[in-house]
Ligand code: GLP
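Numbering (the working numbering), first residue to last: 343 to 584.
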């Protein structure tokens, strides 16, 4: 068992998971309407985003009006508007459902200098109030693939084969990106608070690796245990072997 004084583990029944995370996010927005947070894409947060849109329509109008949402990561090499693009997916899954949406900061991957785009996004990712993350099957957070280090800034990265395969399986893209830009582990550890969202039996063993074994570059998510305010929102299936 790894000592992790900053870890709060919330294990929730599958049917309550998305609602609980959505309500927790709204609580943060009420406490700080100017919340600056980074948000992931992927299947894990999608039900949370759907719930947030429902709550936005039913609750206080304008809850997100002063907030800023910074995109966690993006593929490099997909054209603007491609359905696999993270900026397009988060627009569909979340931003289009909020009235008005938060200010959104995508990753500007369409120019010819991705390194410069990454450097600009590093500035956007500095001083986050909340870093919201998913967990990759290989232990990645954002596109901080195995081999990443705790002092890594936001940067251009080569994608792990498993990440590329996941993209191909999900989108059937004839052309799967080989690179991405991700907010770096260093910026995530600097955020005031970090949430790791994990659901499903298939994530159980990598979640156990991340939380219950010593930190190491084979599992970048394991570095999150350094954080003083880390909350892991796991459903019962993902937490089954903790
Ligand atoms: C993707 C993204 C991550 C995401 C993770 C898990 O490749 N780069 O930001 O959190 O993998 O995705 P999913 O929630 O679909 O399992």
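The beta-carbon is built from N, C-alpha and C at its ideal position, and this holds for glycine as well.
- Remark: fewer than three beta-carbon pairs, one from each stretch, lie closer than 8 Å, so the stretch 448 to 466 and the stretch 477 to 485 are not flagged as touching.
- In terms of Cβ geometry, residue 525 and residue 428 do not form a close pair [threshold 7 Å].
- Beta-bridge partners assigned by DSSP to residue 558: 561.
- Excluding five sequence positions before and after residue 578, the CB atoms of its chain that fall closer than 8 Å to its own CB belong to 353, 354, 355 and 356, given in chain order.
- Apart from sequence neighbours up to five positions away, the residues of its chain that approach residue 450 with a beta-carbon distance below 6 Å are 459, ordered along the chain.
- In this structure, the alpha-carbon of residue 506 lies about 30 Å from that of residue 367.
- Between residue 493 and residue 546 a beta carbon distance of about 29 Å is seen, past the 8 Å cut, so the two are scored as non-contacting.
- In the three-state reduction of the DSSP assignment, residue 354 falls in the strand class.
- Annotation: the continuous beta strand (DSSP E) that includes residue 415 extends over 415 to 418.
- Residue 404 and residue 383 have their alpha carbons spaced roughly 23 Å apart.
- The ligand GLP has a heavy atom closer than 6 Å to the beta-carbon of residue 386.
- Take the alpha-carbon of residue 437 and the one of residue 583: they are about 35 Å apart.
- Comparing alpha carbon positions, the residue from 409, 422 and 348 closest to residue 372 is 409.
- Residue burial is scored here from C-beta neighbours: residue 522 has at least 16 other C-beta atoms within 10 angstroms and is therefore classed as buried.
- Residue environment for residue 416: buried (at least 16 other C-beta atoms within 10 angstroms of its C-beta).
- Relative to the Cα of residue 387, the nearest Cα in the group 563, 465 and 434 belongs to 434.
- The DSSP-derived three-state label of residue 548 is helix.
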